[in-house]
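Report on one structure; see the data block that follows.
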Amino acid sequence: MGFQWAEVDATLPIILDCEESFRSAKIKKYDAHRVIMYGKGTVAKPYQLSPSSLGQFIECPSCYLSKELKLFKKPSSPFPQLPNGIDDTMRKVMKALEAAGIMPIEFSAIPELAGFGLADRALVGPTLRLQPADHIVLTGSEFTLTGKLDELFIKNGSGGAPDEYIIADYKTKRSMNHASKPPHEAYVRQMRCYAMILRSLGLIVNDAALLLNYYPSESAIKDEVHPYLEFLVDKVDVSPSACTPVQQNLELMVKAVLQATASGSPPPKKADCAWCNYRA
Ligand code: SF4
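Structure (structure tokens):
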């Protein structure tokens, strides 16, 4: 990841090194973190961080905080709606199948899911979050991490053993030409965030999460007699040690948010961003 401690070292005052870029911006004064964070910063209503906001912060702390401070917003591209629609459809279908106690062949055909079934929908869809014992607490404010799982599988424990869970996420891909590429780091981070949240809820989480990649093509239909969609699986290491860097980056993000809101200024911009250089 291209993110370094020094970029948001909270022990140092932030130096606004792209001041020229902001010369025409109206820099507002903020005296409360709640201006840019959801929640109230209390144990009961902690400020909320999400896997996607963490990703934006890691991509460029300056861009993320400039947007949140309403100094400027980098132009964004239209959000692709088709993958979201497919995810929604999958969730609806799986909700009905879970209610009927059915494990669809699409998933029972995946070796990693042998012995697993669809987990209770109370854990899939609703927003989940870290428990208070795992909140990040700084300068008297509490921060949590939230997430909404796409899919979750459960293997019921036998003989008094606890249940075990496997986290999964649906990904719609463009073509098989890119199937051999490793998962994007944003997807890896997303799975690790979910694992941290489920462990905080006291659940036993398998060290491997699954990205269920769907490639829309005729070859994705398997078995002429009993057709089913084939998902190609990427495994992501979500073991506690693999999640440690995510925890560290969350703590950095909290420090940077507090520092930026206190000063009204974002941390330094990236040196190699064409758009920021164009603006300057
Ligand atoms: S360097 Fe690029 S990504 Fe960072 S603040 Fe400037 S425009 Fe945003």
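Take 1007 as the starting number for the sequence shown in this note's numbering and just add one per residue. Each residue gets a CB set at the ideal place from its N, CA and C atoms; glycine is no exception. Owing to the predicted nature of the structure, the values given are computational and were not obtained by experimental measurement.
- S1068 has its Cβ nearer than 8 angstroms to a heavy atom of the ligand SF4.
- In the DSSP assignment, E1236 falls outside any alpha helix (DSSP H), carrying neither H nor E.
- About 16 angstroms separates the beta carbons of L1129 and L1151, which is beyond the 8 angstroms limit, so they are not a contact pair.
- Excluding its 5 nearest sequence neighbours in each direction, D1093 has C-beta neighbours in its own chain below 8 angstroms: D1156, Y1176 and T1178, listed in chain order.
- Collapsing the DSSP output to three states places T1145 in coil.
- Contiguous beta strand (DSSP E) elements confined to the region 1131–1199 occur at 1142–1144, 1147–1153, 1157–1161 and 1170–1178, taking only those with 3 or more residues.
- DSSP, reduced to helix, strand and coil, places I1210 within a strand of the structure shown.
- Short note on K1076: C-beta not closer than 8 angstroms to any heavy atom of the ligand SF4.
- When the five nearest sequence neighbours on each side are left out, the beta carbons in the same chain lying within less than 7 angstroms of the beta carbon of L1209 are those of Y1171, in order along the chain.
- For Y1284 and L1264, the gap between their C-alpha atoms comes out near 29 angstroms.
- Taken through DSSP and simplified to helix, strand or coil, A1128 comes out as helix.
- Around the beta carbon of Q1087, a 10 Å sphere encloses fewer than 16 other beta carbons of the protein chains shown; the residue is thus reported as exposed.
- Contact check between the region 1119–1139 and the region 1158–1174: three or more CB pairs, one atom from each, fall below 8 angstroms, which counts as touching.
- Per the coordinates, the alpha-carbon of V1242 lies some 14 angstroms from the alpha-carbon of T1250.
- According to DSSP, K1275 shares a beta bridge with no other residue.
- As DSSP reads the structure, A1115 sits in no beta bridge.
- Within the model, the alpha-carbon separation for S1058 versus A1192 is close to 8 angstroms.
- With a threshold of 8 angstroms, the Cβ atom of C1249 does not count as near the ligand SF4, since no heavy atom of the ligand is closer than that.
- G1047 carries a coil assignment under DSSP once its states are collapsed to helix, strand and coil.
- Per DSSP, the beta-bridge partners of K1228 are Y1234.
- DSSP places Y1284 in the uninterrupted alpha helix (DSSP H) bounded by A1280 to R1285.
- A Cβ-Cβ distance of about 5 angstroms is found for the pair F1063 and M1259, placing them in contact under the 8 angstroms criterion.
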